[in-house]
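Numbering (the working numbering), first residue to last: 74 to 209. Note that CB positions come from ideal geometry on N, CA and C, so glycine has one too. Worksheet: the structure to be examined is printed underneath.
Following this line, the structure appears as structure tokens:
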């Protein structure tokens with residue numbers, strides 16, 4: 074659904090917990106100008122569009138087209154799976170270091186303990202990468 078530029082500015086400003094006066098100060102305009110934009114009485118000067126978009130963390134295209142893209146926020150399930158994999162990786166690593174974990178059954182490797190340590194580090198690194206990907 075297309076929204077007016079004023080609605081987009083108002084919604085984005087409120088989501089950042091900014092007042093009209095605070096936005097106006099950043100943009101070097103009056104709070105009355107921001108109020109007029111948000112009530113669709115007038116539009117901001119074209120030279121202010123990039124700074125408005127940057128300040129409100131929206132794209133210029135979204136601001137001009139009236140179509141806001143939904144930001145992907147990590148779902149609870151994704152977060153739980155990441156946390157569990159991280160905890161499991163740490164547990165395997167610690168148990169391997171303490172030599173409390175020995176999985177020799179079925180593994181034809183010179184030293185299964187070394188392999189479990191490497192597996193644990195791999196799981197930990199994957200969890201870190203995933204956390205970075207979902208921007209926590």
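Would you mind giving the Cβ-Cβ distance between residue 108 and residue 93, rounded to the nearest angstrom? I have them listed as a contact below 8 Å.
-> The sequence position of residue 108 within the chain shown is 35, counting from 1. The sequence position of residue 93 within the chain shown is 20, counting from 1. That belief holds up - the Cβ atoms of residue 108 and residue 93 are roughly 6 Å apart, short of 8 Å.
Who are the near neighbours of residue 263 in its chain, counting only those whose CB is closer than 7 Å to its CB and skipping five residues on each side?
-> Residue 263 lies beyond the residue range present for the chain, which begins at 74 and ends at 209; the question has no answer from this structure.
Taking the alpha-carbon positions, what's the residue 128 to residue 75 distance?
-> As a working mapping, residue 128 is identified with position 55 in the chain shown. As a working mapping, residue 75 is identified with position 2 in the chain shown. Spanning the two alpha carbons is a distance of roughly 21 Å.
Burial state of residue 153 (16 or more Cβ within 10 Å) | Position 80 of the chain shown, counted from the first residue, corresponds to residue 153. Result: exposed.
Fully enclosed by the segment 91 to 163, which alpha helix (DSSP H) runs are 4 residues long or longer?
-> Listed in chain order, the complete alpha helix (DSSP H) runs (minimum 4 residues) inside the segment 91 to 163 are 93 to 100, 104 to 111, 122 to 129 and 133 to 138.
What whole-angstrom Cβ distance do residue 136 and residue 81 have, given they're in contact under 8 Å?
-> Within the chain shown, the letter at position 63 stands for residue 136. Within the chain shown, the letter at position 8 stands for residue 81. That belief holds up - the Cβ atoms of residue 136 and residue 81 are roughly 6 Å apart, short of 8 Å.
In chain order, what residues of the same chain lie with their CB nearer than 7 Å to the CB of residue 140, ignoring the 5 residues before and after it?
-> Walking along the chain shown from the start, residue 140 turns up at place 67. Only 75 meet the Cβ criterion.
Do you know how far the Cα of residue 171 is from the Cα of residue 157?
-> Translated into the one-based positions of the chain shown, residue 157 becomes position 84. Translated into the one-based positions of the chain shown, residue 171 becomes position 98. Cα to Cα, the separation comes out at about 21 Å.
Taking just the CA atoms, how far does residue 159 sit from residue 84?
-> Start at 1 with the first residue of the chain shown, and residue 84 comes out as number 11. Start at 1 with the first residue of the chain shown, and residue 159 comes out as number 86. Linking residue 84 to residue 159 through their CA atoms gives a straight-line distance of about 36 Å.
Would you say residue 111 and residue 162 are within 9 Å of each other, going by their C-beta atoms?
-> Within the chain shown, numbered from 1, the residue matching residue 111 stands at position 38. Within the chain shown, numbered from 1, the residue matching residue 162 stands at position 89. Cβ distance not < 9 Å, so residue 111 and residue 162 don't count as in contact.
Between residue 89 and residue 130, is the Cβ-Cβ spacing less than 9 Å?
-> For the purposes of this step, residue 89 is identified with residue 16 of the chain shown, where counting begins at 1. For the purposes of this step, residue 130 is identified with residue 57 of the chain shown, where counting begins at 1. Yes; because the gap between Cβ atoms is below 9 Å, this pair is in contact.
Cβ shell of residue 200 (< 7 Å), same chain only, five flanking positions each side left out | Here residue 200 corresponds to residue number 127 of the chain shown, with the count starting at 1. Around residue 200: 155, 158, 159 and 162.
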